[in-house]
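One structure is given here, and the rest of the page talks about it.
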């Protein structure tokens, strides 16, 4: 085999090895960059999720406090209605006593 053919084969093999190594290094760089970007995006997303979670917790606490106030108002209204009902019953009894027994149109003999 002539030296030129061997030289061409060695050059082609070294070119393939160089290109393969370059492609491998480029792909490895791309994967590392993609992983770093994914970690950064995940960190930002988790921070936003935590922020939204704390906002939801504050809103829920505020809503719970408002519902508690409304429950207290309903309880007070229930007590007031009960007091009015008791007073109305007492007024009915007083009016019935004031009017006295029913007068009949026809007097029994």
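In the working numbering, the protein residues as written are 1 to 109.
Cβ coordinates follow ideal geometry from the N, Cα and C atoms, glycine included.
Pairwise C-alpha distance: residue j and residue i
{"i": "residue 86", "j": "residue 80", "result": "10 Å"}
{"i": "residue 105", "j": "residue 99", "result": "16 Å"}
{"i": "residue 27", "j": "residue 36", "result": "14 Å"}
{"i": "residue 50", "j": "residue 73", "result": "35 Å"}
{"i": "residue 14", "j": "residue 8", "result": "10 Å"}
{"i": "residue 83", "j": "residue 52", "result": "46 Å"}
{"i": "residue 2", "j": "residue 19", "result": "26 Å"}
{"i": "residue 6", "j": "residue 12", "result": "10 Å"}
{"i": "residue 24", "j": "residue 10", "result": "21 Å"}
{"i": "residue 68", "j": "residue 31", "result": "54 Å"}
{"i": "residue 97", "j": "residue 88", "result": "14 Å"}
{"i": "residue 65", "j": "residue 54", "result": "16 Å"}
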